[in-house]
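**Q** One structure is given below, represented as structure tokens, and several questions about it will come after.
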Amino acid sequence: MTKTRRNIIALCFLVSFLSLAAAGFLTLRRYTRFPFDPHILTQVRADEVSKELLPIQLVIPDQRIDLPIIPAQLQNQEWQLSNQGVSLLQTPLPIGKERGLILYGHNWKSLLGDLHKTEIGQKISVQYPDGNIDHYSVQSIFTVSPSRLDVLDLAQPDTLLIYTCTGFLDSQRLVILAHR
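Below you can see the structure in the form of structure tokens.
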């Protein structure tokens with residue numbers, strides 16, 4: 000075997016090994032929740048929203064979803080995402096306008112991966128730091144294209160809207176709408 004051929008074979012093995020290692024790492028990130036995430040979101044400033052008013056935990060017992068809620072914002076048309084829990088959309092509203100909760104996150108197995116199994120009438124709980132718990136009942140489930148941000152307007156007071164990717168190559172958005 001020539002030296003050039005051996006070098007090509009060695010290079011192919013190296014590229015294959017690196018590809019497998021990268022795929023393994025990405026799979027691990029998708030299915031495992033780590034205690035420390037180097038990509039933790041920038042927290043909403045305390046003077047913008049009182050921390051006592053922000054929910055801290057999302058629980059959907061039928062889907063075994065029990066995740067921390069992390070405040071996040073839309074910045075430069077991009078959704079801030081957490082790998083550790085669901086994100087709570089924090090955007091300024093016009094004076095006198097109210098909105099329900101909008102939670103969104105990855106559809107990874109370790110996060111909202113089982114959300115697609117949710118059914119009408121199932122219960123969802125949102126917990127607050129003071130121990131209060133808001134109970135919601137799922138009223139509607141539907142999918143939309145990623146460009147349909149008007150669905151966020153459905154989050155009226157006393158509603159919870161959960162938003163995640165779904166479909167082939169995450170080409171759609173799954174929307175769960177629940178009412179108190």
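With numbering that gives the first Met the number 0 applied, the sequence shown corresponds to residues 0 to 179, in that order.
Note that beta-carbon positions come from the ideal geometry of N, C-alpha and C, so glycine has one too.
How should Asn82 be labelled, buried or exposed, when 16 other C-beta atoms within 10 angstroms of its C-beta is the threshold for buried?
**A** Residue mapping note: residue 82 aligns to position 83 of the sequence shown, counting from 1. With 16 or more other Cβ atoms within 10 Å, it is buried.
**Q** Kindly indicate which residue of Arg98, Leu73, Gln72, Ile55 has the alpha-carbon position closest to the one of Leu66.
**A** In the sequence shown, counting from the first residue as 1, residue 66 sits at position 67. Ranking the options by Cα distance to Leu66, first place goes to Ile55.
**Q** For the putative contact between Leu100 and Val125, defined by C-beta atoms under 8 Å, what is the C-beta separation to the nearest angstrom?
**A** In the sequence shown, counting from the first residue as 1, residue 100 sits at position 101. In the sequence shown, counting from the first residue as 1, residue 125 sits at position 126. Contact flag correct, Cβ pair sits at about 7 Å.
**Q** Could you pull out every residue in the same chain whose Cβ sits closer than 6 Å to the Cβ of Asp113, ignoring the five residues on either side in sequence?
**A** Counted from its first residue, the sequence shown places residue 113 at position 114. The answer, listed in chain order, is Gln62.
**Q** Taking Cβ positions, are Ser139 and Leu176 nearer each other than 7 Å?
**A** One-based indexing of the sequence shown puts residue 139 at position 140. One-based indexing of the sequence shown puts residue 176 at position 177. Yes, Cβ-Cβ distance for Ser139 and Leu176 is below 7 Å.
**Q** Quick one: Cα of Gln72 to Cα of Tyr103, how far?
**A** Position 73 of the sequence shown, counting from 1, holds the residue named residue 72. Position 104 of the sequence shown, counting from 1, holds the residue named residue 103. Distance between the alpha carbons of Gln72 and Tyr103 is about 11 Å.
**Q** Taking the C-alpha atoms as reference points, what is the distance between Leu151 and Asp129?
**A** Counting from 1 along the sequence shown, the entry for residue 151 is found at position 152. Counting from 1 along the sequence shown, the entry for residue 129 is found at position 130. Distance between the alpha carbons of Leu151 and Asp129: 27 Å.
**Q** Determine whether the beta carbon atoms of Gln171 and Thr163 lie at a separation below 7 Å.
**A** As a first step, residue 171 is located in the sequence shown; it is residue number 172 there, counting from the start. As a first step, residue 163 is located in the sequence shown; it is residue number 164 there, counting from the start. Cβ atoms of Gln171 and Thr163: not closer than 7 Å.
**Q** Between which two residues does the beta strand (DSSP E) containing Thr142 stretch?
**A** Residue mapping note: residue 142 aligns to position 143 of the sequence shown, counting from 1. Segment 132-143, the beta strand (DSSP E) holding Thr142.
**Q** Tell me the DSSP bridge mates of Ser86?
**A** The sequence position of residue 86 within the sequence shown is 87, counting from 1. DSSP output for Ser86 lists Ile69, Tyr103 as bridge partner(s).
**Q** To which residues of the same chain is His115 closer than 7 Å at the C-beta, ignoring the five residues directly before and after it?
**A** One-based indexing of the sequence shown puts residue 115 at position 116. Around His115: Thr165, Leu173.
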